[in-house]
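Asks: Quick note: the sequence shown, position 4, residue 358 per this note's numbering, numbers continuous.
Here a beta-carbon is modelled for each residue, glycine too, at the ideal position from N, C-alpha and C.
Take a look at this one; I'll ask things after.
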Amino acid sequence: GGEVVRFESIKELTVEVTRTPGRTPKIATFNGTKFATSTLLTQRILQIFQAPTWPSLPAHTAHWLSLQRHVSRLPEPNRLLVETFPHDARHHLCIYGFAGRNAQQTLGLLITKRMEEESLSPLGFVATDYATLIWGLDPVTDPAALLDPTKLRQGFTEWLAGNAVMKRTFRASAIIAGLIERSHQGRRKSGRQTTISSDILYDTLRKYDPTHLMLKITQTEALRGLVDFGRIEDMLTNLAPRIDHVALNRPSPLAAPMFLEMGRVPIKGQGRDRLVEDAALKLMQDAGLA
């Protein structure tokens with residue numbers, strides 16, 4: 355099935371195309387994605403880690419876990435393992451939350467925001483189902499301070515309030531409440547009217563009536579499934595007093611695969627500015643101008 359078409363023109367919100375025979379159509383397919391690990395599976399994994407040996411696992415996997423136990427330590431149930439180490443002229447922080455990729459990625463956003471506030475110059479992060487790896491220009495000596503649940507909740511609320519996720523969620527809630535009209539395909543004067551009106555309405559409520567019911571509904575809906583913050587908050591609230599910080603002089607076996615993970619998120623902040631300043635200074639020195 356499927357047809358090959360050729361673009362002709364755009365009229366308002368309508369794209370006009372014509373059939374183009376003679377070429378084989380290609381159908382878009384969905385090959386799956388990364389789903390968050392369930393809490394039950396997470397607990398089983400952590401329990402397996404506590405075994406003295408792993409004869410039922412492949413030899414290379416058992417050796418990998420043994421190396422982790424020898425070099426650092428293995429994550430434990432009801433505890434939070436945090437590793438810090440230098441690598442490739444950067445300082446790294448690895449948080450083994452086992453909260454699922456969505457939650458670990460959100461944790462990366464929140465921790466890097468906290469690092470910016472503490473002038474630790476983060477440069478980026480990457481998340482998997484089991485951990486978040488953050489790299490920056492300055493070492494993290496007190497991970498527990500960065501993982502304070504109260505400050506993370508405050509930072510999360512501030513970040514989410516001005517985020518496109520929040521505005522998109524507000525628009526959906528506003529349509530259900532009848533505050534704005536739903537967009538329909540067809541001819542109309544402007545394609546920006548609904549989007550602009552919902553954004554203006556959201557910004558106006560935030561500024562003049564921050565406790566409005568619509569904003570509370572929007573925040574609840576955004577927290578419910580878009581970013582898995584609930585998992586992060588539960589994890590940090592329960593495990594904050596039981597953080598195991600291991601300072602290493604090189605990446606651990608569990609952290610090593612994180613360097614090969616796709617989906618790195620760059621942080622454009624103090625760290626990036628410092629790199630630019632250092633590069634400019636070095637160039638001036640090499641040119642004899644400084």
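By the DSSP assignment, the alpha helix (DSSP H) with Thr504 in it spans what residues?
Replies: Pro503 to Ala515
Asks: Grouping DSSP H, G and I as helix and E and B as strand, with all else coil, what is Ser551?
Replies: helix
Asks: Give the list of continuous alpha helix (DSSP H) stretches no shorter than 4 residues that lie fully inside the segment 579-613.
Replies: Those alpha helix (DSSP H) runs which fall completely within the segment 579-613 and span 4+ residues are 583-593.
Asks: Within the same chain, show all residues whose beta-carbon is closer than 7 Å to that of Gly617, passing over the 5 residues directly before and after it, in chain order.
Replies: Around Gly617: Val480.
Asks: Cutting at 6 Å between CB atoms, please list the residues of its own chain near Pro497, excluding the five before and the five after it.
Replies: Val436 and His599
Asks: Which residues share a DSSP beta bridge with His645?
Replies: The structure shown does not extend to residue 645, since the chain is modelled only from 355 through 644, so no value can be given for it.
Asks: Mind checking Phe361: buried by the 16 CB within 10 Å criterion, or exposed?
Replies: It counts as exposed.
Asks: I need the DSSP call for Arg373, collapsed to helix, strand or coil.
Replies: Reduced to three states, the DSSP call for Arg373 is strand.
Asks: Look at the alpha carbon of Lys561 and the alpha carbon of Ala515, and state the distance between them as a whole number of angstroms.
Replies: 11 Å
Asks: Using the three-state DSSP reduction, which class does Gly625 fall into: helix, strand or coil?
Replies: helix
Asks: Does the CB of Met520 have a neighbour CB from chain B at under 8 Å?
Replies: Within the model displayed, chain B is absent; a lone protein chain is all it includes.
Asks: What would DSSP say about Glu575, mapped onto helix, strand or coil?
Replies: In the structure shown, Glu575 sits in a helix (DSSP, three-state: H, G or I).
Asks: Can you grab the Cα-Cα spacing for the pair Leu629 / Pro620, in whole Å?
Replies: If you take the alpha carbons of Leu629 and Pro620, they lie about 13 Å apart.
Asks: Measuring only the C-alpha atoms, how far is Gln422 from Leu428?
Replies: 6 Å
Asks: What separation, rounded to the nearest whole angstrom, lies between the Cα atoms of Pro379 and Val358?
Replies: 5 Å
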